[in-house]
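Single-structure report; data block below.
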Amino acid sequence: MSQEVEMQHETVITTGQLTRRFGETVAVNALTLEVYHGEVFGFLGHNGAGKTTTVRLLNGVLAPDGGAARVLGMSPVEQGPALRQHTGVLTETPSLDERLTGRTNLAIYADLYGVPRAEAGRRINELLEMFELADRGDDQVGGYSKGMKQRLALARALLHRPQLLFLDEPTAGLDPVAARQVHDLIHHTSREEGNTVFLCTHNLTEAQRLCDRVAVMEHGHMVAVGATGELARQIGLPVRFEIEVAADQVALALDTLRGMKGVARFDQETHTIRVTGADRELIPGLLAAMVGAGVRVYRVAPQEASLEDVYFSLHERNRAKEATR
Ligand SMILES: Nc1ncnc2c1ncn2[C@@H]1O[C@H](COP(=O)(O)OP(=O)(O)OP(=O)(O)O)[C@@H](O)[C@H]1O
Ligand SMILES: [Mg+2]
């Protein structure tokens, strides 16, 4: 924990009070955010929460009404084209030229991004292989399935080896195997290549599996940001953990637990006892009491809070807040 706090982060995205309106709607409302180098950053929120608008602001395809952003040290508004040389973007509804083949779609893009011809050819083959489109590369995109188009658009976003990837729902419409491949790719690009990924998704399991930190947006406001565990503690979600004790001492262990302060609930299955309590500070006291009573404890395993628990708890809180307004 203390190590986490002391670690110096290099930021690749910084925004201050970033705001964008569409008529009466404040799509992004005073967003102040930092994304660190090499992390997979999850951007969550309901339909219309402002995720796609944020991605567009960060890429300089949309200008803000207020506030500012720095992305890879550049201003998206003033240095959009230079910035986009280093960012890859998978948009929500990628535009591909349906009359052209997959390979030609990629080649045009490589040209646009100044990838040298010889390298482009190699890279295109590599990406077609990677996304299992090699045998369809010379077919017209108009004849591709939805998932194949999505995979081609992903290949296109990666073509110029960007150091910062914006992925707006990259696995929407993909079959489970293809979705898993995209997850592996996201993991690889961040862990092996040191690139940064900004991931908009509605899939909480995907976010939990892939993201180092997440932000939750509601109606243009960022209502939370952090690692799942941190958020769970901030919100005050109960902690759960398992204790495994000697088979002949289960009754003694249960007796010790009964009436202990901070224990909300417990149940038992053979010699494993599952405990729910207010916070993890319960664990040391509980262990001391067990040992004091002579119980032999073999294992204590905290159960990670799920991102789903965090998300719904935040959602409920915000609904309650809105109701009192
Ligand atoms: N070009 C536009 N013109 C008018 N309103 C817009 C435009 N783009 C976005 N909005 C509005 O801004 C708000 C945020 O939209 P945005 O697309 O950023 O949401 P989102 O979080 O990406 O949602 P989803 O999960 O459905 O993709 C919505 O109210 C939307 O209607
Ligand atoms: Mg969107």
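Residue numbers (the numbering used here): 98 to 422. C-beta atoms are modelled at their ideal positions from N, C-alpha and C, and glycine is treated no differently. Just so it is clear, the structure is predicted and the values come from calculations on it, not from any experiment.
Around the beta-carbon of Asn-144, fewer than 16 other beta-carbon atoms lie within 10 Å, marking it exposed.
Using a cutoff of 8 Å, the CB of Thr-421 does not count as near ligand 2, since none of the ligand's heavy atoms is closer than that. A direct Cα-to-Cα measurement between Leu-193 and Lys-246 gives close to 8 Å.
In terms of Cβ geometry, Thr-369 and Glu-341 form a close pair [threshold 9 Å]. Spanning the alpha carbons of Glu-405 and Gly-333 requires a straight line of approximately 14 Å. In this structure, Glu-303 has its beta carbon at no less than 8 Å from each heavy atom of ligand 2. The Cβ atoms of Thr-298 and Pro-267 sit closer than 9 Å to each other. When DSSP reads this structure, Met-171 sits in a beta bridge with Val-168. Taking the Cβ of Lys-148 as the reference point, at least one heavy atom of ligand 2 falls within a distance shorter than 8 Å.
Out of Ala-343, Glu-378, Asp-345 and Asp-364, the CA that lies nearest to the CA of Lys-358 is found in Glu-378. In this structure, Pro-191 places its C-beta atom within 9 Å of the C-beta atom of Ala-250. The beta carbon of Asp-309 lies closer than 6 Å to those of Glu-136 and Val-137 in the same chain, with the five residues before and after it left out. Proximity to Leu-261 across Asp-352, Gly-240 and Met-171 peaks at Met-171, based on C-alpha coordinates. Not one heavy atom of ligand 1 falls within 8 Å of the beta-carbon of Phe-263. Here the distance from the Cβ of Glu-266 to the nearest heavy atom of ligand 2 is below 8 Å. Annotation for Ala-124 indicates a beta carbon within 8 Å of some heavy atom of ligand 1. Contact between Leu-230 and Leu-255 is ruled out by a C-beta separation of about 13 Å, above the 8 Å threshold. Looking at Glu-107, Thr-112, Asp-162 and Arg-153, the one whose alpha-carbon comes closest to that of Glu-121 is Asp-162.
Only exposed fits Val-388, as fewer than 16 other CB atoms lie within 10 angstroms of its CB. Counting only residues of its own chain and dropping the five nearest sequence neighbours on each side, Leu-271 has a CB closer than 7 Å to the CB of Gly-244, Gln-247 and Val-279. In the structure shown, Gln-346 adopts helical secondary structure according to DSSP, grouped into three states. Just so you know, the alpha carbons of Leu-383 and His-316 end up roughly 42 Å apart. By a beta-carbon distance limit of 8 Å, Ser-403 does not contact Gln-331. Their separation comes to about 15 Å. Using a Cβ distance threshold of 9 Å, Asp-265 and Thr-112 do not count as a contacting pair.
The beta carbons of Val-320 and Ala-329 sit no closer together than 9 Å.
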